[in-house]
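Novice: Protein chains in written order, with my numbering: chain A, 1 to 113; chain U, 1001 to 1117.
Backbone N, C-alpha and C fix where the C-beta goes; we use that ideal spot for every residue, glycine too.
Quick one: structure below, then a few questions.
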Amino acid sequence: KNQVEQSPQSLIILEGKNCTLQCNYTVSPFSNLRWYKQDTGRGPVSLTIMTFSENTKSNGRYTATLDADTKQSSLHITASQLSDSASYICVVLLHSGTYKYIFGTGTRLKVLA
Amino acid sequence: DTGVSQDPRHKITKRGQNVTFRCDPISEHNRLYWYRQTLGQGPEFLTYFQNEAQLEKSRLLSDRFSAERPKGSFSTLEIQRTEQGDSAMYLCASSSEISTGRNSPLHFGNGTRLTVT
């Protein structure tokens, strides 16, 4: 079964600290993996998109890694800010005739002052 | 702002009523998706269009749900005879695979929050 699992489910950190969110997937065949940030009451916004040949991709203070062999990805947030408080969703695109996206349930991050 | 636009942002309706939501994708995006999201969960696929053709519809979607994209531009999602279990955020997303293929980002609107009382 094609699944995307994320951990932890929720996380609380202090402003300025770093954190790492995990994503494990069993999607096959794999096309690419995406990380999205979703603020409360708003739609998800794309942070990174990685194909199987990319190990690392950065977007400002966000760095995503991908290990296609172990089917694991992580999202590292450096020097967290209050505005980083949001849900972070890992999404895998199935490599098939249809454009089918498999979503994780997200990690809810809370950054405290 | 030329992002994905959804209307209305909030809808409160009584059980049994019909509701219709509208999505205006980014101009010239050929693919359009509808998702449903409940609290603490990731978006759940409902259906998607390539231009005006509805290419896939989730088996989870009952026959009370219908979506259209008549001219390959905006789309509507209608729910007939609403039930309390339909209460959720309904998200629309669009993408264009013309330029970067499968690596194109999926752009989401801010959703329509439906509450069925």
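Would you check if the distance between the CB atom of residue 1095/U and the CB atom of residue 1010/U is smaller than 8 Å?
Specialist: No, these two residues do not count as a Cβ contact at 8 Å.
Novice: Are any of the Cβ atoms in chain U nearer than 8 Å to that of residue 89/A?
Specialist: So yes, residue 89/A belongs to the interface.
Novice: Using the beta-carbon of each residue, which ones in chain A are nearer than 8 Å to residue 1056/U?
Specialist: Neighbours of residue 1056/U on chain A, chain order: 98, 100.
Novice: So which residues on chain A does residue 1090/U lean against when the C-beta distance must stay under 7 Å?
Specialist: Simply none; closest approach about 11 Å.
Novice: Can you give the Cα-Cα distance for residue 1014/U and residue 1117/U, rounded to whole angstroms?
Specialist: Cα to Cα, the separation comes out at about 5 Å.
Novice: Is it buried or exposed, residue 1115/U, if we count other Cβ atoms within 10 angstroms and call 16 or more buried?
Specialist: By the 10 Å Cβ count, residue 1115/U comes out exposed.
Novice: Per DSSP, what are the beta-bridge partners of residue 57/A in this structure?
Specialist: In the DSSP output, where bridge partners are listed per residue, residue 57/A has 64/A.
Novice: Between the alpha carbons of residue 104/A and residue 2/A, how many angstroms are there, rounded?
Specialist: Cα to Cα, residue 104/A sits roughly 11 Å from residue 2/A.
Novice: Would you mind telling me which residues of chain U sit closer than 7 Å to residue 49/A, beta carbon to beta carbon, in chain order?
Specialist: By Cβ distance, chain U contributes 1103, 1105.
Novice: Using a beta-carbon distance cut-off of less than 9 Å, what residues from the segment 1038–1067 of chain U approach chain A?
Specialist: Per Cβ criterion, the list reads 1040, 1041, 1042, 1043, 1044, 1045, 1048, 1050, 1055, 1056.
Novice: So with Cβ pairs under 8 Å, would you call residue 8/A a contact of chain U?
Specialist: No, its Cβ sits nowhere closer than 8 Å to a Cβ of chain U.
Novice: Using a Cβ-Cβ cut-off of less than 9 Å, give me the residues of the segment 1014–1033 of chain U that come near chain A, in sequence order.
Specialist: Per Cβ criterion, the list reads 1031, 1033.
Novice: So if DSSP puts residue 1010/U in a beta bridge, which residue, or which two residues, is it bridged to?
Specialist: In the DSSP output, where bridge partners are listed per residue, residue 1010/U has 1113/U.
Novice: Counting only the same chain and skipping the five closest in sequence on each side, list residues whose C-beta sits under 7 Å from that of residue 14/A.
Specialist: Cβ neighbours of residue 14/A beyond the five flanking positions: 112.
Novice: Determine whether the beta carbon atoms of residue 17/A and residue 88/A lie at a separation below 8 Å.
Specialist: No, they are not a contact pair.
Novice: With three or more beta-carbon pairs closer than 8 Å as the criterion, would you say the segment 75–88 of chain A touches the segment 1017–1036 of chain U?
Specialist: At 8 Å Cβ cutoff, the stretches do not touch.
Novice: Do the CB positions of residue 55/A and residue 47/A come within less than 8 Å of each other?
Specialist: Not in contact: residue 55/A and residue 47/A (Cβ atoms no closer than 8 Å).
Novice: Which chain U residues are close to residue 16/A, counting only those with a beta carbon under 9 Å from its beta carbon?
Specialist: Residues of chain U passing the Cβ test: none, with the nearest at roughly 27 Å.
Novice: So the beta strand (DSSP E) residue 76/A belongs to, where does it begin and stop?
Specialist: 72–77 is the extent of the beta strand (DSSP E) around residue 76/A.
Novice: Where does the unbroken beta strand (DSSP E) through residue 1019/U begin, and where does it stop?
Specialist: First-last of the beta strand (DSSP E) with residue 1019/U: 1019–1024.
Novice: To the nearest angstrom, how far is the alpha carbon of residue 1036/U from that of residue 1112/U?
Specialist: Whole-angstrom Cα-Cα distance: 10 Å.
Novice: Check residue 1050/U in the structure and name its three-state DSSP category.
Specialist: In this structure, residue 1050/U counts as strand in the three-state DSSP scheme.
Novice: What is the DSSP secondary structure of residue 1081/U, counted as helix, strand or coil?
Specialist: Three-state DSSP puts residue 1081/U in coil, outside helix and strand.
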